[in-house]
Amino acid sequence: MDRREFVVSVLSSPAAIAALEAVPVAADPIHMNDLQTFRLRYRPLPPRARSLWPKVRGNAVQTTLLASATFLIEMAETGMLTRATDELSVQGWVNRPLSLAAQMLDAAEAGRDYFHGRTGVLLKAYKSKLDGAIQPYILQVPEPLPGGRIPLVVVLHGWGAPRSIVNWGDPRTFAPWNEPYLRLQVYGRGWTRYKGVGTEDVFEVLDEVRRDFPVDPDRTYVTGGSMGGAGTWFLATHFPGLFAAAAPVCGYTDYRLDFGSTGLKAEWERRAYRAHDALTAAPNLENTPVYFIHGDQDLPGAFGSGVDVQHSRVMAARLKELGIPFEYDELPGVKHGVPSAQYQKAEKWLLSHRRNPDPPRVVFETSTLRYNRSYWVEVEGLERHFTPSRVEAAVRQGAVHITTRNITHLALDRRTESSAVIDGQSLALHPAADGRIHLSRVDGRWSLSRSAPTGLGKRHGLQGPWVDAFTGPALYVVPSSGGDWADLAAYDLETYQCSHGGLDCSNVRGRAEVSFAIRKADQVTRADIARHNLILFGDARSNALLARISGRLPIRATREGIETGARRFQGARVGAKFIYPNPLNPKCYVAVATGASAEALHSLRIFHWQIPDYLIFDENAVLAGGIPYYGAGPEHQPLLDKAYLAAGYFNEQWQFEGGEPSLA
47 MDRREFVVSV LSSPAAIAAL EAVPVAADPI HMNDLQTFRL RYRPLPPRAR SLWPKVRGNA
107 VQTTLLASAT FLIEMAETGM LTRATDELSV QGWVNRPLSL AAQMLDAAEA GRDYFHGRTG
167 VLLKAYKSKL DGAIQPYILQ VPEPLPGGRI PLVVVLHGWG APRSIVNWGD PRTFAPWNEP
227 YLRLQVYGRG WTRYKGVGTE DVFEVLDEVR RDFPVDPDRT YVTGGSMGGA GTWFLATHFP
287 GLFAAAAPVC GYTDYRLDFG STGLKAEWER RAYRAHDALT AAPNLENTPV YFIHGDQDLP
347 GAFGSGVDVQ HSRVMAARLK ELGIPFEYDE LPGVKHGVPS AQYQKAEKWL LSHRRNPDPP
407 RVVFETSTLR YNRSYWVEVE GLERHFTPSR VEAAVRQGAV HITTRNITHL ALDRRTESSA
467 VIDGQSLALH PAADGRIHLS RVDGRWSLSR SAPTGLGKRH GLQGPWVDAF TGPALYVVPS
527 SGGDWADLAA YDLETYQCSH GGLDCSNVRG RAEVSFAIRK ADQVTRADIA RHNLILFGDA
587 RSNALLARIS GRLPIRATRE GIETGARRFQ GARVGAKFIY PNPLNPKCYV AVATGASAEA
647 LHSLRIFHWQ IPDYLIFDEN AVLAGGIPYY GAGPEHQPLL DKAYLAAGYF NEQWQFEGGE
707 PSLA
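Numbering (our numbering), first residue to last: 47 to 710.
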């Protein structure tokens with residue numbers, strides 16, 4: 047068996063060969079006669095890469111280059127040292143990654159941009175601002191590069207794609223590439239459904255590609271299949287105006303279908319899932335063309351093996367009801383996944399569209415300031431958070447006509463209109479100092495503001511709920527003595543990684559590639575507080591950092607239970623999780639896991655994405671099995687009703703809705 051036959055047999059895809067062969071290597075590539083030789087050649091590369099990190103700090107291009115080399119070394123280490131057993135396998139798995147890594151390190155040492163001018167399949171990585179982790183991506187660059195701005199198609203992979211990017215999803219990714227547009231395949235931190243840290247990965251990679259290439263913002267598209275189809279639906283509906291068109295393939299759309307017959311019992315749970323649901327946000331597609339595909343025999347099977355075709359059918363019905371044009375191909379006799387010709391048709395369809403960056407009419411619905419912008423309209427305040435809100439804005443006869451629901455603050459990027467009619471009220475428009483028009487509603491009346499809202503209040507990026515602490519740089523902080531609280535923090539991080547928000551369906555749980563640090567309270571620095579969201583475990587007696595701010599937080603633990611102002615929840619196993627602006631740095635969060643004892647936190651078996659701004663619970667939480675797809679069924683409902691003592695969302699001023707915690 048020669049090298050080519052070996053790699054084909056291992057990867058089960060001839061297209062993977064093209065990925066390896068498409069990238070040029072040095073004239074004298076690394077050749078290995080046996081595994082021991084490989085180890086000798088491999089050994090100097092990791093310390094060499096580590097030594098270069100301080101030298102490239104502050105240089106974005108060199109940082110990407112070093113991150114890419116580091117990732118290729120990781121591929122060699124994890125994919126080859128554990129699997130290579132003979133000379134042939136060592137050559138097949140290792141030769142290219144190590145050769146490329148060595149060349150990249152040479153370029154980094156010389157201050158050169160290794161990737162400049164290269165075409166074909168580029169295996170790249172970046173160092174994330176989120177947690178400092180190295181995250182991979184694939185970029186296909188056409189030969190020759192077209193002049194002017196270049197179209198970009200973002201491809202999202204399906205569930206289960208390995209971190210070893212040489213065998214991601216659609217094999218066309220590795221085909222020889224001579225089309226006049228860029229194709230970008232994003233890892234999305236693993237199996238996240240491209241939500242949460244998965245969304246942040248998409249944005250960080252887009253920033254990298256836009257830095258290196260003149261990407262056309264009006265010809266940027268998104269597509270993907272299965273989990274990638276779900277991610278396509280999510281990004282297109284929650285970030286309208288980002289993509290010129292979207293082509294989801296057999297993707298999830300409706301959280302209610304995900305949970306099957308058990309459903310979500312509590313309103314605070316439903317409020318959490320509606321906020322990230324594609325079907326709920328379907329009105330936001332008014333200015334985004336969509337073409338979607340699904341096999342009519344697609345049904346969920348064992349552990350994420352399918353996506354019910356009903357997801358596409360209910361979206362088609364909803365778009366038809368809204369009067370939003372769309373194209374939908376339902377393929378007879380096709381199960382999960384579609385023929386490659388359909389993907390080719392989808393990409394051709396995408397490229398036929400161009401974004402209008404300034405549409406005359408914008409409709410935007412959201413229930414959280416995490417998703418707060420559509421084209422030239424930005425929502426800056428909500429009357430009630432995690433409750434549906436809507437803004438409809440249209441330019442007619444030289445004026446902006448606006449109707450709103452559940453909105454307290456708006457910003458408009460308009461410079462040509464001098465007047466507005468908002469909820470029947472006429473206003474003269476004048477830009478504020480930042481060049482934007484800010485509108486505020488107080489006691490039912492709208493007026494111009496000088497700026498966006500200031501002071502302690504919910505803002506974009508500081509609006510909760512609990513899981514939002516993980517969408518920025520985060521740091522777990524445990525008592526200096528360690529103990530049970532530290533064990534709980536490690537368990538919490540592992541739970542987030544293994545049952546990550548994103549795969550919010552009844553039969554699929556996937557791993558998120560995220561590596562937040564766990565640090566003892568006496569080791570946290572001022573720089574840590576300035577940069578990180580702090581996830582605090584313990585109470586004021588055990589965690590010194592929590593003790594510093596406990597009096598300025600709305601929820602506190604005592605030996606008897608949990609206190610919230612005048613209200614007491616008593617019991618040795620009563621606990622709470624909540625999120626709040628950090629009193630030591632109100633631009634970041636504290637997310638607090640506390641209780642009358644560490645045993646209280648052992649009671650909680652609940653998905654991170656399900657936790658609202660605050661959740662107070664007792665030992666019945668573990669008896670109930672937590673949430674529906676962790677084993678709880680209708681027979682557990684009486685226990686669930688007892689388990690959660692209070693749960694809900696803070697108001698615009700980070701206070702309890704109605705003045706006291708409740709099950710809201």
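C-beta atoms are modelled at their ideal positions from N, C-alpha and C, and glycine is treated no differently.
inquiry  = What residue range does the alpha helix (DSSP H) around Cys544 cover?
reply    = The residue labelled residue 544 in the question sits at position 498 within the sequence shown. Element bounds for Cys544: 529–544.
Going by DSSP, what residues sit across from His447 in a beta bridge?
Your numbering for residue 447 matches position 401 in the sequence shown. Bridge partners of His447: Ala440, Val467.
What's the call for Leu368, buried or exposed, on a 16-neighbour Cβ count within 10 Å? For the purposes of this step, residue 368 is identified with residue 322 of the sequence shown, where counting begins at 1. Exposed, because fewer than 16 other Cβ atoms sit within 10 Å of the Cβ of Leu368.
Collapsed DSSP secondary structure at Gln149 in the structure displayed
Indexing the sequence shown from 1 puts residue 149 at position 103. The answer is helix: DSSP assigns Gln149 an H, G or I state.
#### Entry: Best match in Phe289, Thr110, Ala207 for proximity to Leu168 [C-alpha to C-alpha]
In the sequence shown, residue 168 corresponds to position 122, counting from 1. Cα-wise, what sits closest to Leu168 is Thr110.
- request: Please report how far the alpha carbon of Ala291 lies from the alpha carbon of Leu331, in whole angstroms.
  value: In the sequence shown, residue 291 corresponds to position 245, counting from 1. In the sequence shown, residue 331 corresponds to position 285, counting from 1. For Ala291 and Leu331, the distance between alpha carbons rounds to 9 Å.
Practice problem: Measure the C-alpha to C-alpha separation of Val446 and Leu473 and round it to an integer number of angstroms. | Solution: Walking along the sequence shown from the start, residue 446 turns up at place 400. Walking along the sequence shown from the start, residue 473 turns up at place 427. So the two alpha carbons sit approximately 10 Å from each other.
| Residues near Glu393 by beta carbon distance below 7 Å, same chain, minus five either side | Here residue 393 refers to the residue found at position 347 of the sequence shown. Counting only Cβ-Cβ distances below 7 Å, and skipping sequence neighbours, we find Val199, Thr269.
Quiz item: Okay, do the stretch 320–327 and the stretch 384–404 touch, 3+ Cβ pairs below 8 Å being the bar?
Solution: no
### Query
In its own chain, which residues sit with a C-beta less than 6 Å from the C-beta of Ala348, not counting the 5 before and 5 after it?
Within the sequence shown, numbered from 1, the residue matching residue 348 stands at position 302. Caution applies to Ala348, whose pLDDT of 45 falls short of 50 and renders its modelled position unreliable; the value that the coordinates give is listed next. Once the five neighbours on either side are set aside, Ala348 has no close Cβ partner at all.
Take Val71 and list the residues in its own chain whose beta-carbon comes closer than 6 Å to its own, dropping the five residues that flank it on each side.
-> Locating residue 71 in the sequence shown gives position 25, counting from the first residue. For Val71, the predicted structure reports a pLDDT of 39, less than 50, and the residue's modelled location is therefore unreliable. A value from the coordinates is still provided. If we look at Val71 and ignore the five residues flanking it on each side, its Cβ neighbours are Ser145.
Per DSSP, what kind of secondary structure is Leu691 in: helix, strand or coil? The sequence position of residue 691 within the sequence shown is 645, counting from 1. Three-state DSSP puts Leu691 in a strand.
Taking the continuous beta strand (DSSP E) assigned at Pro627, which residues delimit it?
Looking up residue 627 in the sequence shown gives position 581. 621–628 is the span of the beta strand (DSSP E), which, as asked, contains Pro627.
Assign His455 to one of two classes, buried (16 or more other C-beta atoms within 10 Å of its C-beta) or exposed (fewer than that). Residue numbering aside, residue 455 sits at position 409 when the sequence shown is read from its first letter. Result: buried.
Helix, strand or coil at Arg605 according to DSSP, with G and I counted as helix:
On the sequence shown, position 559 is the one that residue 605 refers to. Arg605: coil per DSSP, three-state reduction.
Considering only residues of the same chain and omitting the five flanking positions on each side of Trp99, which have a CB-CB separation below 6 Å?
Locating residue 99 in the sequence shown gives position 53, counting from the first residue. Taken in chain order, the list of residues that qualify is empty.
Take Val488 and list the residues in its own chain whose beta-carbon comes closer than 6 Å to its own, dropping the five residues that flank it on each side.
The residue you call residue 488 lines up with position 442 of the sequence shown. Same-chain partners within the cutoff: there are none.
At 4 residues or longer, what runs of the alpha helix (DSSP H) sit wholly inside the stretch 240–294? 243–258, 273–284
* Residue from Ser497, Pro499, Thr450 whose Cα sits closest to the Cα of Arg491 -> Walking along the sequence shown from the start, residue 491 turns up at place 445. Comparing Cα-Cα distances from Arg491 to each of Ser497, Pro499, Thr450, the minimum goes to Thr450.
Could you tell me whether the Cβ atoms of Ala536 and Ala637 are closer together than 8 Å? If you number the sequence shown from 1, residue 536 lands on position 490. If you number the sequence shown from 1, residue 637 lands on position 591. No, the Cβ-Cβ distance between Ala536 and Ala637 is not below 8 Å.
Q) What residue range is occupied by the uninterrupted beta strand (DSSP E) comprising Lys391? A) The sequence position of residue 391 within the sequence shown is 345, counting from 1. Careful: Lys391 lies outside any beta strand (DSSP E), inside the alpha helix (DSSP H) at 386–397.
* To do: Can you give me the start and stop residues for the alpha helix (DSSP H) that Val102 sits inside?
  => Position 56 of the sequence shown holds residue 102. From DSSP, the alpha helix (DSSP H) with Val102 extends over 91–102.
Exercise. Nearest to Val409 by alpha carbon, out of Gly242, Ile657, Lys566, Val441?
Worked result: Here residue 409 refers to the residue found at position 363 of the sequence shown. Comparing Cα-Cα distances from Val409 to each of Gly242, Ile657, Lys566, Val441, the minimum goes to Val441.
Requested in this report: Take Trp655 as the anchor and find which of Gly242, Arg94, Ala106 has the nearest alpha-carbon.
Outcome: Position 609 of the sequence shown holds residue 655. Nearest of Gly242, Arg94, Ala106 to Trp655, Cα basis: Gly242.
Measure the alpha-carbon distance for Ser464 versus Glu438 and round it to whole angstroms. Counting from one through the sequence shown, the residue named residue 464 turns up at place 418. Counting from one through the sequence shown, the residue named residue 438 turns up at place 392. In a straight line, the C-alpha of Ser464 is about 18 Å away from that of Glu438.
According to the neighbour-count rule (16 or more other Cβ atoms, all chains shown, within 10 Å of its Cβ), is Ala710 buried or exposed?
-> Walking along the sequence shown from the start, residue 710 turns up at place 664. By the 10 Å Cβ count, Ala710 comes out buried.
Report task. Indicate the three-state DSSP secondary structure (helix, strand or coil) for Ile196 in the structure shown. Result -> As a first step, residue 196 must be located in the sequence shown, where it is residue number 150. Residue state, collapsed to three classes: strand.
Taking DSSP as the reference, what is the three-state secondary structure of Leu365? Along the sequence shown, read from residue 1 onward, the residue named residue 365 stands at position 319. Helix.
- Task: Would you kindly report the start and end of the unbroken beta strand (DSSP E) that includes Tyr522?
- Result: To locate residue 522, count along the sequence shown from 1; it is residue 476. Its beta strand (DSSP E) spans residues 520–524.
Exposed unless 16 or more other CB atoms sit within 10 angstroms - verdict on Arg256:
Residue numbering aside, residue 256 sits at position 210 when the sequence shown is read from its first letter. Result: exposed.
If contacts are defined as beta-carbon pairs under 8 Å, then Arg239 and Gly206 qualify, I think. What distance do you get, rounded to the angstrom? Numbered from 1 along the sequence shown, position 193 holds the residue referred to as residue 239. Numbered from 1 along the sequence shown, position 160 holds the residue referred to as residue 206. Actually they are not in contact, since the Cβ atoms of Arg239 and Gly206 sit about 12 Å apart, beyond 8 Å.
* Taking buried to mean at least 16 other C-beta atoms within 10 Å of its own C-beta, is Gln471 buried or exposed? -> Sequence index remark: in the sequence shown, residue 471 carries index 425 (1-based). Its Cβ having fewer than 16 others within 10 Å, Gln471 is exposed.
Item checked: Identity of the residue in Ser495, Gly529, Ile339, Ala612 nearest Tyr374 by Cα -> To locate residue 374, count along the sequence shown from 1; it is residue 328. The shortest Cα separation from Tyr374 among Ser495, Gly529, Ile339, Ala612 belongs to Ile339.
- Message: For a quick check, are the C-beta atoms of Tyr227 and Ala293 less than 8 Å apart?
- Response: To locate residue 227, count along the sequence shown from 1; it is residue 181. To locate residue 293, count along the sequence shown from 1; it is residue 247. No, they are not a contact pair.
message: Based on DSSP bridge pairs, tell me the residues matched to Phe117.
response: Walking along the sequence shown from the start, residue 117 turns up at place 71. Partner(s): none; Phe117 has no beta bridge.
* Rounded C-beta distance between Ala113 and Tyr160? I'm assuming under 8 Å. -> Start at 1 with the first residue of the sequence shown, and residue 113 comes out as number 67. Start at 1 with the first residue of the sequence shown, and residue 160 comes out as number 114. Actually they are not in contact, since the Cβ atoms of Ala113 and Tyr160 sit about 12 Å apart, beyond 8 Å.
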